[in-house]
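Trainee: 91 is the number that full-length UniProt numbering gives to position 91 of the sequence shown; each next residue is one higher, with no gaps. Handing you a structure now.
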Amino acid sequence: MELLRFTTAGSVDDGKSTLIGRLLYDSKSIFEDQMAAVKQSSERKGLQHIDLSLLTDGLRSEREQGITIDVAYRYFATPKRKFIIADTPGHIQYTRNMVTGASTANLAIVLIDVRKGVVEQTCRHSFIASLLRIPHIIVCINKMDLVDYSEEAFNKVVEQYHAFAGKIEVNDIRYVPVSALEGDNVVNDSVNMPWYKGESLLHTLETIHIGSDENHADARFPVQTVIRPHAAEYHDYRGYAGRIAGGIFKPGDQVTVLPSGLTSTIKSIDTFSGPVDEAFAPMSVSITLEDDIDVSRGDMIIKDDSEPQVSQDLDVMLCWMGSRGPRPGAKYHLKNTTREVMAIIKEVNYKLDINTMEKLENAGDIKMNEMARVRLRTTQPVVFDEYRKNRITGSLILVDEATNETVAAGTIF
């Protein structure tokens, strides 16, 4: 079954966790003991109804404040698709958590309170989704029950968001009026909104086309490990294992190993289920080559018709996640696909105001949750694509050499 990863975004108290709780509850994806625990917690809080947000808000501080702080991952499946949900926080001081949850998503659900309309946090989260090249956005206009399911109120918010959407690079935006508390249009179609002729949220999630989101044009295979079985029947087997990051590979293809530049031909492609005639993103495979050449972890196997960039200088948009800003001359471990090299921040071009999308030059030090366009210099060549072409080969993280803390995540321009 196809897997869809999606993230939730929106302002504080727009009902993100309640929406996910409703999605899990109405799609029968909650165990009885989980439901019993949520009922007890709701009664302890003195609520008349079951608080479905407790299904995702797991930290004690989250439950006490009624907010989301950490990224909560939830898994569920329907007969049509498997899903991984990243419930991300709305507060500006948790922007790094939002970036973490959204970095692997195929789709973002942006929640808007129909009474408040488009607010600053809505714009910020939509901009982050655009920056991370999430190809699909579903705008869920929530709390329709509080405006008597008014079509006029819904259309007003749609117009507001549509006006803002012209500033961001997302091609597929859909609008769904919902009530997460009452369950309208979440899993089941709403009887209270006969004017809405579209699909429910779950039906949209099940049917939205994501097959073309992967880059199937540029063949990229970052090598994770070399497989040399210690068994008599596979005595001479040397396979290069990893997950395909783009393109299509077939036995007989002419390939180049970067950054060395050595060339060979694919002999076979093996999977856990046996050999295959072709492999494509995001399959995990083992590739054998006709020639015995030096290939190790961190190398990238590509086809000759579409070469990536190989450089020691990288232009990157960073989201700073460390509690302390970057230190002058500090060295960081840079991880891009399976390759790890040392790097320094050579220069900071500008900081980005994620509320207004304004470029702030000479804006001082980079602080936690801030975004900045920087130039990195690495000790060895890095094989990469621009992030807009390939989200896997165009992303990276920086790890502090001294503390081993992940201090930044970045997208390559």
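Even glycine gets a Cβ: it sits at the ideal position worked out from N, Cα and C. This one's a predicted model, so the numbers in the text were calculated from it and none came from an experiment.
Does DSSP put Gln224 in a helix, a strand or coil?
Mentor: Looking at Gln224 - three-state DSSP - the assignment turns out to be coil, as it is neither helix nor strand.
Trainee: Between the Cα of Val285 and the Cα atoms of Ser273, Val295 and Asp292, which residue gives the shortest distance?
Mentor: Of the candidates Ser273, Val295 and Asp292, the one whose C-alpha sits nearest the C-alpha of Val285 is Ser273.
Trainee: With three or more C-beta pairs closer than 8 Å as the rule, is the segment 193-211 touching the segment 232-243?
Mentor: No, they do not touch.
Trainee: With distances taken from CA atoms, which of Ala77, Gly211 and Pro229 is nearest Ser106?
Mentor: Looking at the sequence itself, residue 106 is Asn, so the reference to Ser does not match. Answer by Cα proximity: Gly211.
Trainee: So, is the C-beta of Lys303 closer than 8 Å to a C-beta in chain B?
Mentor: The chain labelled as chain B is not found in the depicted structure, where only one protein chain is given.
Trainee: Within a Cβ cutoff of 7 Å, which residues of the same chain sit near His125, ignoring the five residues on either side of it in sequence?
Mentor: The residues are Ala9, Gly10, Met98 and Val110.
Trainee: Report yes if the CB atom of Ala163 is closer than 8 Å to the CB atom of Ala129, and no otherwise.
Mentor: It is not a contact, given that the beta carbons lie outside the stated cut-off.
Trainee: Does the separation of the CB atoms of Thr379 and Val407 fall below 8 Å?
Mentor: Cβ atoms of Thr379 and Val407: not closer than 8 Å.
Trainee: Report the rounded CA-to-CA distance for Ser395 versus Val383, giving the unit in angstroms.
Mentor: Looking at the two C-alpha atoms, the distance is approximately 11 Å.
Trainee: Any contact of the segment 173-181 with the segment 138-146, i.e. 3+ C-beta pairs under 8 Å?
Mentor: Yes, the segment 173-181 is in contact with the segment 138-146.
Trainee: Could you check whether Val223 and Thr338 sit closer than 8 Å to each other, using their CB atoms as the reference points?
Mentor: Taking 8 Å as the Cβ cut-off, Thr338 and Val223 qualify as a contacting pair.
Trainee: Identify the residues that DSSP records as bridge partners of Ala343: which are they?
Mentor: Looking at the DSSP assignment, Ala343 forms a beta bridge with Tyr332 and Thr378.
Trainee: Look at the alpha carbon of Ala219 and the alpha carbon of Ile302, and state the distance between them as a whole number of angstroms.
Mentor: Roughly 5 Å separates the two Cα atoms.
Trainee: Checking the sheet assignment: what are the DSSP bridge partners for Ser268?
Mentor: In DSSP, Ser268 forms a bridge with Thr288.
Trainee: With a CB to CB cut of under 6 Å and the five nearest residues on each side skipped, what residues in its chain are close to Ala363?
Mentor: Same-chain partners within the cutoff: Lys351.
Trainee: So who's on the other strand from Ile302, going by DSSP bridges?
Mentor: For Ile302, which the question treats as bridged, DSSP gives the partners Arg220 and Thr256.
Trainee: Roughly how many angstroms lie between the CA atoms of Glu405 and Arg373, to the nearest whole one?
Mentor: Straight-line Cα distance between these residues: approximately 21 Å.
Trainee: Here's the rule: buried if 16 or more other CB atoms are within 10 angstroms of the residue's CB, otherwise exposed. What is Ser296?
Mentor: Exposed.
Trainee: Going by C-alpha distance, which of Thr356, Lys116, Asp145 and Leu132 is nearest residue 427?
Mentor: Here the chain comprises residues numbered 1 to 413, so residue 427 is not present and cannot be evaluated.
Trainee: Could you compute how far the alpha carbon of Lys267 sits from the alpha carbon of Val226?
Mentor: Near 15 Å, if we compare the C-alpha coordinates of Val226 and Lys267.
Trainee: From the DSSP output, in three-state form, read off Asp213 for me.
Mentor: Looking at Asp213 - three-state DSSP - the assignment turns out to be helix.
Trainee: Comparing C-alpha positions only, which one of Ala153, Arg96 and Arg327 sits nearest to Lys143?
Mentor: Taking only the C-alpha atoms, the option nearest Lys143 is Ala153.
Trainee: Spatial neighbours of Phe127 within its chain, please: C-beta separation below 7 Å, excluding the five flanking residues on both sides.
Mentor: The answer, listed in chain order, is Ile168, Ile354 and Met357.
Trainee: Would you identify the three-state DSSP class for Phe154, choosing helix, strand or coil?
Mentor: Reduced to three states, the DSSP call for Phe154 is helix.
Trainee: Quick one: residues in its chain with C-beta nearer than 6 Å to the C-beta of Trp195, no 5 flanking neighbours on either side, listed in chain order?
Mentor: Excluding sequence neighbours, Trp195 sits near Glu151.
Trainee: Mapping DSSP to helix, strand and coil, what is Tyr234?
Mentor: Three-state DSSP puts Tyr234 in a helix.
Trainee: Within the continuous alpha helix (DSSP H) that includes Thr100, where are the two ends?
Mentor: Thr100 -> alpha helix (DSSP H) spans Thr95 to Ala102.
Trainee: Assuming the contact rule is C-beta atoms closer than 8 Å, Ser260 and Asp299 should be a hit. Round their C-beta distance to whole Å, please.
Mentor: About 7 Å separates the two Cβ atoms, so the contact holds.
Trainee: So, with DSSP's three-state summary, where would you put Gly261?
Mentor: Residue state, collapsed to three classes: coil.
Trainee: Take Ser200 as the anchor and find which of Glu214, Ser179 and Asn215 has the nearest alpha-carbon.
Mentor: Nearest option by C-alpha distance: Ser179.
Trainee: How is Phe31 classed by DSSP in three states: helix, strand or coil?
Mentor: Coil, per DSSP.
Trainee: Starting from the C-beta of Gly392, find all residues in its chain whose C-beta is less than 6 Å away, skip the five residues before and the five after it, and write them out in chain order.
Mentor: A quick correction: the sequence has Ile, not Gly, at residue 392. Taken in chain order, the residues that qualify are Ala245.
Trainee: Less than 6 Å between C-beta atoms, sequence neighbours within five positions excluded: which residues of the same chain meet that for Leu314?
Mentor: If we look at Leu314 and ignore the five residues flanking it on each side, its Cβ neighbours are Leu376 and Ile412.
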